[in-house]
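Just so we're aligned, residue 2 is where the sequence shown starts under my numbering, counting upward by one.
Here the structure comes first, spelled out in structure tokens, and everything after it is commentary.
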Amino acid sequence: SAQPTLTPLLAKKEGRKKKSIQEPNFDYFNASRFEEDESDLREDELSHIVEIYDFPTEFKTEDLLKLFQNYQQRGFDIKWVDDTHALGLFSSPIAASEALRSKHPLMKLRPLSKSSPATKAKARSCSDYLLPAKDRPQTSAALARRLVIGALGVKSKLTKEQREAERRKLQEAREQKRLAAKQREDAWEGNRRWTTY
């Protein structure tokens with residue numbers, strides 16, 4: 002950069018008479034703070050999360066889960082912020098908006114976009130873990146048992162009836178998975194076949 006005394010001389014030599022410094026249209030210095038607040042907490046992206054607040058400090062996770070027992074089957078989880086604030090993670094934005102419409106005498110709810118600064122900071126810090134809550138699929142220990150038994154070279158202690166029951170359970174799970182995939186395919190094809198499990 003030229004020294005302040007040399008700038009007028011250089012400008013005169015080039016034939017310029019007026020200053021041509023332009024002000025920036027965007028404040029790049031403060032851009033990171035602005036983008037962090039806006040992009041991390043977009044209302045449409047995290048609409049399955051609500052802030053739970055103003056509940057008694059004695060409340061534990063079990064107490065909050067009990068208040069949201071209607072959402073347990075569909076998927077619901079809690080992430081603590083402090084003694085009187087928590088994040089409620091629902092399985093979908095529809096379930097979250099349904100919960101926002103309900104009234105609770107022991108606590109209050111609000112969308113994450115209108116939450117306290119501490120709650121927003123917590124949401125930003127663990128945004129990777131704030132996916133919609135889903136139940137873990139049913140599993141079976143049969144494969145693990147077979148691998149361990151095979152690796153150790155020992156004989157299984159399961160009776161023939163237990164092994165058959167395990168095989169039937171796995172077969173039923175495969176059939177349910179196949180039926181669910183068929184229903185999804187039929188829905189896209191326009192076929193209306195509904196089966197109950």
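Don't be surprised by glycine CBs; every beta carbon is placed ideally from N, CA and C.
Would you kindly work out how many angstroms separate the C-alpha atoms of residue i and residue j, rounded to a whole number?
i, j, result
"Ala182", "Ser141", "21 Å"
"Pro156", "Ala143", "Here residue 156 turns out to be Lys, not Pro, going by the sequence shown. Their Cα atoms are separated by approximately 14 Å."
"Arg168", "Lys161", "11 Å"
"Arg146", "Val82", "40 Å"
"Asn71", "Arg164", "36 Å"
"Lys67", "Lys104", "15 Å"
"Gly76", "Ser92", "5 Å"
"Glu186", "Phe69", "33 Å"
"Asp41", "Glu24", "Interpretation of Asp41 is limited by its pLDDT of 43, a score under 50 that renders its predicted location unreliable; the figure taken from the coordinates is listed afterwards. Approximately 29 Å, taken between the alpha carbons."
"Ser117", "Ala124", "11 Å"
"Met108", "Pro94", "20 Å"
"Ala100", "Gln74", "14 Å"
"Arg102", "Ile53", "13 Å"
"Ala97", "Leu131", "13 Å"
"Lys61", "Glu173", "38 Å"
"Glu190", "Leu171", "29 Å"
"Glu63", "Ala122", "24 Å"
"Arg175", "Gly154", "29 Å"
Going by beta carbon distance, what residues of the same chain come within less than 8 Å of residue i, once the five residues before and after it are set aside?
i, result
"Asp84", "Thr58"
"Ala119", "Val82, Asp83 and His86"
"Asp55", "Thr85, Met108 and Lys109"
"Leu159", "Arg146 and Glu167"
"Cys127", "Lys80"
"Pro106", "none"
Which residues mark the beginning and the end of the alpha helix (DSSP H) in which residue i is found?
i, result
"Lys121", "Pro118 to Ser126"
"Leu148", "Ala143 to Leu153"
By the DSSP assignment, the beta strand (DSSP E) with residue i in it spans what residues?
i, result
"Val51", "Ile50 to Tyr54"
"Asp187", "Premise fails: Asp187 lies in the alpha helix (DSSP H), Lys161 to Glu190, not in any beta strand (DSSP E)."
Within the same chain, show all residues whose beta-carbon is closer than 6 Å to that of residue i, passing over the 5 residues directly before and after it, in chain order.
i, result
"Leu65", "Ile79"
"Leu88", "Ile50 and Lys80"
"Leu47", "Leu113"
Would you check whether the ligand FMN has a heavy atom nearer than 8 Å to the C-beta of residue i?
i, result
"Arg147", "Questions concerning the ligand FMN fall outside what the structure shown contains, since it holds no ligand whatsoever."
- [ ] Answer yes if the region 105-119 comes into contact with the region 145-164, meaning at least three C-beta pairs across the two stretches below 8 Å, and no otherwise.
- [x] Per the Cβ contact rule, the region 145-164 is not in contact with the region 105-119 (fewer than 3 Cβ pairs under 8 Å).
Task: Whole runs of the alpha helix (DSSP H) within the region 60-108, excluding any shorter than 4 residues - done: Segments of the alpha helix (DSSP H) lying fully in the region 60-108: 62-68 and 94-102.
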